[in-house]
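Residue numbers (my numbering), protein chains in the order written: chain A, 11 to 427; chain B, 11 to 427; chain C, 7 to 171; chain D, 7 to 171. Just so it is clear, CB atoms sit at the ideal spot from N, CA and C, and this is done for glycine as well. For reference, the structure is listed below as structure tokens.
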Amino acid sequence: MATLTSVHDTLDVARVRRDFPVYDQHRDPPLVFLDSAASSHKPRAVLDAMADYYETTHANVHRGVYAMAEEATARFEAARTRVARFIGATSTAEVVFSKNATESLNLVAQSWGRANLGPGDVVVLTEMEHHANLVPWLALAEQLGLQLRYLRVTDEGLLDLEGLDAALDGARLVSLTAMSNVLGTLPPVRAVADAAHAAGAVVVVDASQYVPHLGTDVDALGADFLAFTGHKMLGPTGIGVLWGREELLDAMPPFLGGGEMIRDVRLDGFTCNDLPWKFEAGTPPIAEAIGLGAAVGELERYGMAAVRAHEVALTSYALDTLRRRYGDDLVVHGPTDPCARGGVLSFGFRGIHPHDISQVLDQAGVCVRAGHHCAKPLMRRLGVPATARASFYVYNDESDVDALADALDACSDLFCF
Amino acid sequence: MATLTSVHDTLDVARVRRDFPVYDQHRDPPLVFLDSAASSHKPRAVLDAMADYYETTHANVHRGVYAMAEEATARFEAARTRVARFIGATSTAEVVFSKNATESLNLVAQSWGRANLGPGDVVVLTEMEHHANLVPWLALAEQLGLQLRYLRVTDEGLLDLEGLDAALDGARLVSLTAMSNVLGTLPPVRAVADAAHAAGAVVVVDASQYVPHLGTDVDALGADFLAFTGHKMLGPTGIGVLWGREELLDAMPPFLGGGEMIRDVRLDGFTCNDLPWKFEAGTPPIAEAIGLGAAVGELERYGMAAVRAHEVALTSYALDTLRRRYGDDLVVHGPTDPCARGGVLSFGFRGIHPHDISQVLDQAGVCVRAGHHCAKPLMRRLGVPATARASFYVYNDESDVDALADALDACSDLFCF
Amino acid sequence: MAGLEDLYREIILDHYRNPRNRGELECPPARRAEGFNPLCGDEIVIYLDVGDDGRVRDLKIGGQGCSISQSSASMMSQAVKGRTVEEVRTLNSAFKALMTIHESCLDGDGNEVGAEVGGDGSGTDTPVPDPNVSLGDLTALQGVVKFPVRIKCATLAWNTLTQAL
Amino acid sequence: MAGLEDLYREIILDHYRNPRNRGELECPPARRAEGFNPLCGDEIVIYLDVGDDGRVRDLKIGGQGCSISQSSASMMSQAVKGRTVEEVRTLNSAFKALMTIHESCLDGDGNEVGAEVGGDGSGTDTPVPDPNVSLGDLTALQGVVKFPVRIKCATLAWNTLTQAL
Ligand SMILES: Cc1ncc(COP(=O)(O)O)c(C=O)c1O
Ligand SMILES: Cc1ncc(COP(=O)(O)O)c(C=O)c1O
């Protein structure tokens with residue numbers, strides 16, 4: 011892995027919290043934030059990097075000769091370099107800034123897809139994908155007449171590799187999540203990628219939940235494209251990333267058209283700019299890229315190995331605590347081994363609807379998400395309309411798990427009879 | 011006009027500057043920022059609104075039951091309401107948040123265009139468009155076999171209406187800028203829109219330079235779609251707007267696919283969410299929308315009538331000053347009447363290349379842009395490879411113009427012989 | 007922060023625990039409509055049987071959802087049975103009005119354009135309450151307005167009913 | 007901030023005022039290549055005539071641009087005339103190396119991956135200077151590195167020459 015392994019092997023959460031202004035508030039009850047899988051909070055370093063940029067040297071990038079614009083461009087491109095290094099990319103030409111992971115995946119579908127796929131061509135997805143990795147392909151399938159195939163999910167919430175070879179037969183592209191935002195499952199991306207490559211397919215990895223939580227190396231994963239999003243990894247909203255192999259990106263037609271992505275425009279045509287700018291039409295999310303660069307800096311400071319170790323420990327504690335206190339009344343979906351999953355716990359509790367659970371927990375300051383988590387096909391597969399979901403990040407600790415467990419009692423009181 | 015007319019009829023620039031942290035810096039030489047047409051600076055109110063959001067109540071929107079997520083959603087949607095009101099929209103369903111004006115225009119081209127246009131169909135543009143309003147149509151023309159026609163620009167830099175009727179014959183869509191980012195020209199959008207509507211064409215207005223500087227009312231303009239961008243109107247990077255008439259937006263297929271924009275997803279298809287969310291795939295630029303809402307608040311506080319009056323006065327002063335000091339050695343492109351143009355002065359000076367002008371001016375702290383300003387076809391029409399461009403906003407005053415004029419002397423010293 | 011007692015009134019919990027008119031009707035003669043909340047996956051199925059006299063002869067409810075959507079559906083079923091289609095529509099408007107947040111002073115400048123946010127979040131409909139319509143038990147749901155996310159739960163049954171009408 | 011004197015050395019201004027080798031050559035036998043800077047619109051046209059002995063027999067320059075792109079082209083034209091194609095390539099590499107910003111300590115962690123930013127902004131090529139190549143007058147352009155935006159101006163002629171070779 012190309013990640014910088016930290017000297018610490020776990021996190022001092024009390025110290026970490028001091029980095030996050032949201033914990034400076036005096037809330038009563040205190041904040042128990044367990045919804046980082048939806049969006050994480052932002053450390054001061056990220057907010058400061060953006061504020062400092064705006065307060066000292068904001069200007070549009072890439073087109074200004076004056077020093078302030080040059081400085082803006084330098085900070086923007088330095089952020090790209092940091093992101094590239096963070097995921098083990100060998101060149102900044104391979105790192106495209108988008109507005110979120112969703113746009114990154116749409117870019118691949120529309121640009122690579124339209125250039126390379128036609129009627130009857132097979133695209134392989136999985137049943138545990140987020141809508142962001144389903145709808146772009148469903149739309150493309152309708153536009154081009156593609157055939158979509160889905161890898162199944164086992165009853166334990168693992169990716170079912172049984173049907174892999176059959177699914178890959180004739181496949182042109184495989185797109186799968188590196189970590190389920192519902193189950194926490196970490197599918198064997200590398201194994202699927204190797205099989206996909208052997209079958210001649212290109213591999214897209216939705217790493218929206220992976221990059222924030224595990225050290226990432228695009229080569230080790232076997233990815234051809236990797237999509238992720240800033241706001242789940244301590245960065246701001248409004249920015250995502252698409253990494254892609256240079257040969258592939260190079261051969262692809264542009265996605266959106268406008269300033270920045272062109273080399274020349276005439277009244278009857280245009281030519282494209284070099285990578286990565288070819289895929290960055292219009293004024294980019296400049297401050298957001300700088301904020302994401304700072305977020306990467308913070309994650310490197312914590313050390314991704316420590317982040318992962320911390321989350322495994324916390325997940326383990328949560329699984330134990332909930333089992334001890336509620337036994338079979340509480341069903342956690344997904345893998346039971348904390349080392350085989352991320353810190354995302356989707357659960358059902360005593361038949362109480364997740365909306366009601368979340369509402370009652372909120373009264374105790376405990377923030378969990380309730381709903382389909384943008385994974386309706388997976389909900390159908392699990393046979394539930396919705397789940398409640400608690401998810402962990404660097405600022406969570408055992409006390410958050412205890413608060414969750416305590417608050418669940420209040421749900422029982424209100425709804426169980 | 012639906013704009014709130016201010017009680018002030020002009021601005022107190024010294025007070026305005028106090029709202030902008032960038033002017034708090036001790037720069038030597040002091041900052042003479044004349045590049046707001048590329049991107050404006052941000053007032054404290056905008057930075058504070060975003061910081062406060064992140065520090066107190068950030069969470070992903072639209073999907074959380076807990077109070078913090080509800081508050082995030084409320085702030086995000088309140089920003090939409092403010093933006094809607096600012097441009098005279100009757101419903102927030104018509105206000106789509108995008109990542110920039112470029113994406114807004116691509117959305118119209120790809121979604122409306124693909125659903126409504128076919129081989130041989132005519133799209134009318136103008137020679138003074140920004141690449142953002144050219145490349146999406148050039149790409150679409152290539153994809154669908156459209157015919158593109160261009161309204162000409164006169165030698166004075168005005169839109170030539172001579173050929174309008176001929177161009178509109180059989181036209182399905184007209185897309186034009188409401189203010190040129192190079193010439194400052196304010197084309198008669200309403201007249202063109204009326205003629206276009208009479209010819210049965212839909213009207214797209216690129217208002218990226220208009221909304222920041224003139225009170226905007228979508229109905230008064232006669233627009234069917236209106237695109238603009240946050241970072242040029244005191245707002246943050248990473249956010250743009252597409253306003254569209256509800257019937258049109260309603261009938262259009264989605265643009266990007268993912269979370270947020272769907273009602274239901276199955277393994278074999280999906281259905282779309284209501285407007286405006288149908289066009290907002292993935293986690294939206296939440297903090298950026300909130301920042302844009304705050305920017306609108308500041309512009310309303312200044313009063314758009316005052317903003318416009320201030321810029322007309324400053325443009326007038328600049329045209330006079332430059333003419334007095336440099337006579338025919340300095341050529342300003344575009345209309346000579348300050349009331350018929352925005353505060354954007356593109357100029358040539360004594361044959362010195364714009365890059366060199368900008369470089370030398372920078373040494374005196376004067377920030378102007380040099381280049382083709384993402385309008386290469388217009389550069390060709392003007393017969394120049396590039397121009398230097400000074401542009402004004404609420405924080406500029408006569409002293410900035412004087413500094414520009416003084417610094418031009420240094421250019422002569424270095425390059426004229 | 008509004009308290010849970012504003013949301014989970016006893017009568018609401020009662021309808022949730024003991025939902026009225028659950029079941030199915032044969033279609034035809036009944037009409038069937040399905041509604042769901044795109045944000046959370048709640049689903050409601052309504053079977054509506056309108057007699058020749060234009061009155062709701064019978065109505066059954068299927069589907070699943072949270073306490074608010076289920077109890078709202080249950081209360082609605084009681085409220086509309088026996089009513090004329092016209093009366094049902096009036097009731098529907100009155101309920102929607104109850105569920106609407108009025109934010110006319112959003113930033114205090116008195117400009118009303120776009121200042122009202124529709125109760126179902128669509129931002130378009132701005133129903134006006136009719137003082138002559140009595141909502142009975144349904145008024146127990148008015149605490150929902152303090153929890154904007156849950157408004158869609160409360161209105162789901164009504165929106166689905168509108169489709170069936 | 008770097009001073010203007012770093013950028014606008016006297017020799018650069020001289021080449022800008024009195025550009026050498028401007029003009030056109032008949033094609034064929036000469037080869038023609040066009041280059042332009044997408045960010046500012048500068049254009050360079052190069053006419054290159056390589057003799058049977060593999061040496062640059064003649065080279066002419068057209069197009070328009072700023073002082074840096076024009077003087078760089080002018081100096082280049084002098085530097086490559088009479089050289090072998092191989093020598094021209096070596097010179098090109100040496101010049102690119104001169105124009106490269108080394109930021110290996112970007113954030114001080116010693117990890118070199120992606121830490122060098124290519125001089126022409128492409129982020130991919132990281133040429134290494136060859137101490138045996140003498141750049142002569144061309145070294146006057148090294149002040150350009152302090153003004154990263156102008157690097158593309160300085161390298162435009164060379165990139166266009168590469169196309170023509
Ligand atoms: C007239 C005009 N249209 C469109 C744009 C594109 O805006 P953005 O780059 O924010 O998408 C600009 C500014 O760059 C502009 O001046
Ligand atoms: C697995 C996964 N993929 C994609 C996304 C989409 O990210 P975004 O909404 O930032 O585009 C998310 C989060 O919402 C996710 O969890």
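Next on the checklist: Measuring only from the beta carbon, is Gly-123 (chain A) closer than 8 Å to any heavy atom that is part of ligand 2?
Outcome noted: no
Checklist entry - Which residue comes first and which comes last in the alpha helix (DSSP H) that contains Ser-488 (chain A)? => result Chain A is shown only over 11 to 427; residue 488 (chain A) falls outside these bounds and no answer can be derived.
Checklist entry - Hey, does Asp-227 (chain A) have any beta-carbon neighbour from chain C nearer than 9 Å? => result no
Next on the checklist: Considering only the alpha carbon of each residue, which of D:Gln-70, D:Gly-88, D:Glu-30, D:Cys-159 lies closest to Asp-58 (chain D)?
Outcome noted: D:Gly-88
Item to check | Three or more C-beta pairs below 8 Å linking the segment 141-158 of chain B and the segment 261-268 of chain A | outcome: yes
Checklist entry - Do we get a CB-CB distance below 9 Å when we pair His-51 (chain B) with the residues of chain A? => result yes
Item to check | Inter-stretch contact at 8 Å, needing at least 3 Cβ pairs: the segment 347-367 of chain B / the segment 413-421 of chain B | outcome: yes
Next on the checklist: Looking at Met-66 (chain D): is its Cβ nearer than 9 Å to the Cβ of Asn-27 (chain D)?
Outcome noted: Just to set this straight, residue 66 (chain D) is Lys in the shown sequence, not Met. Yes, these two residues count as a Cβ contact at 9 Å.
Checklist entry - Does the beta carbon of Leu-162 (chain C) sit closer than 9 Å to a beta carbon anywhere in chain A? => result no
Next on the checklist: Cβ closer than 7 Å: which chain D residues qualify as neighbours of Asp-366 (chain B)?
Outcome noted: Cys-72, Ser-73
Item to check | His-343 (chain A) CB to nearest heavy atom of ligand 1 below 8 Å | outcome: no
Checklist entry - What three-state label does DSSP hand Glu-80 (chain A) in the structure shown? => result helix
Checklist entry - Is the Cβ of Glu-49 (chain D) closer than 9 Å to any Cβ of chain B? => result yes
Checklist entry - Got a sec: is the Cβ-Cβ distance from Tyr-220 (chain A) to anything in chain B below 9 Å? => result no
Checklist entry - Under 7 Å Cβ-Cβ, which residues of chain A neighbour Val-62 (chain D)? => result Residues of chain A passing the Cβ test: none, with the nearest at roughly 27 Å.
Checklist entry - Touching or not, the segment 205-214 of chain A and the segment 248-259 of chain B, by the rule of three or more beta carbon pairs under 8 Å? => result no
Next on the checklist: Here's the rule: buried if 16 or more other CB atoms are within 10 angstroms of the residue's CB, otherwise exposed. What is Asp-278 (chain B)?
Outcome noted: exposed
Checklist entry - Smallest Cα separation from Val-75 (chain B): which of C:Leu-147, C:Ile-74, C:Ala-36? => result C:Ile-74
Item to check | CB-CB length for Pro-246 (chain B) against Val-394 (chain B), believed under 8 Å | outcome: About 33 Å; that fails the 8 Å criterion.
Next on the checklist: Does the contact criterion of 3 or more C-beta pairs under 8 Å hold for the segment 275-293 of chain A versus the segment 224-234 of chain A?
Outcome noted: no
Next on the checklist: Let me make sure I understand the geometry here. Which of B:Ala-149, B:Ala-111, B:Met-262 has the alpha-carbon closest to that of Ser-121 (chain B)?
Outcome noted: B:Met-262
Checklist entry - What's the gap between the Cα of Thr-112 (chain A) and the Cα of Met-189 (chain A)? => result 15 Å
Item to check | 4-residue-minimum alpha helix (DSSP H) runs that sit fully inside the segment 105-161 of chain B, ordered along the chain | outcome: 111-117, 145-154
Item to check | Boundaries (first-last residue) of the alpha helix (DSSP H) holding Trp-164 (chain D) | outcome: 154-170
Next on the checklist: Checking 9 Å against the spacing of the C-beta atoms, do Phe-86 (chain B) and Val-221 (chain B) come in under that value?
Outcome noted: no
Checklist entry - How would you label Asp-22 (chain A), buried or exposed, when you count the other beta carbons within 10 angstroms and need 16 or more for buried? => result exposed
Next on the checklist: Among A:Val-251, A:Arg-27, A:Val-42, whose alpha-carbon lies nearest the alpha-carbon of Glu-104 (chain A)?
Outcome noted: A:Val-251
Item to check | Nearest residue (CA-CA) to Asn-110 (chain A), options A:His-68, A:Pro-53, A:Ser-49, A:Ala-89 | outcome: A:Ser-49
Checklist entry - Applying a beta-carbon distance threshold of less than 8 Å, which residues of chain C neighbour Met-138 (chain A)? => result Under the 8 Å cutoff, chain C gives no residues; its nearest Cβ is about 16 Å from Met-138 (chain A).
Checklist entry - Quick one: is Arg-379 (chain A) buried, meaning 16 or more other Cβ sit within 10 Å of its Cβ, or exposed? => result buried
Item to check | Residue closest to Ala-385 (chain B), alpha-carbon to alpha-carbon, out of B:Arg-351, B:Thr-136, B:Leu-414 | outcome: B:Thr-136
Next on the checklist: Rounded to the nearest angstrom, what separates Val-151 (chain D) and Thr-106 (chain D) at their Cα positions?
Outcome noted: 7 Å
Checklist entry - Would a C-beta distance cut-off of 9 Å place Arg-399 (chain B) and Phe-357 (chain B) closer than the cut-off? => result yes
Checklist entry - Closer than 8 Å: is that where the CB of Gly-381 (chain B) sits relative to any heavy atom of ligand 1? => result no
Next on the checklist: Could you check if Leu-3 (chain B) belongs to the surroundings of ligand 1, using beta carbon to heavy atom distance under 8 Å?
Outcome noted: Given a span of 11 to 427 for chain B in the structure shown, any question on residue 3 (chain B) remains unanswerable.
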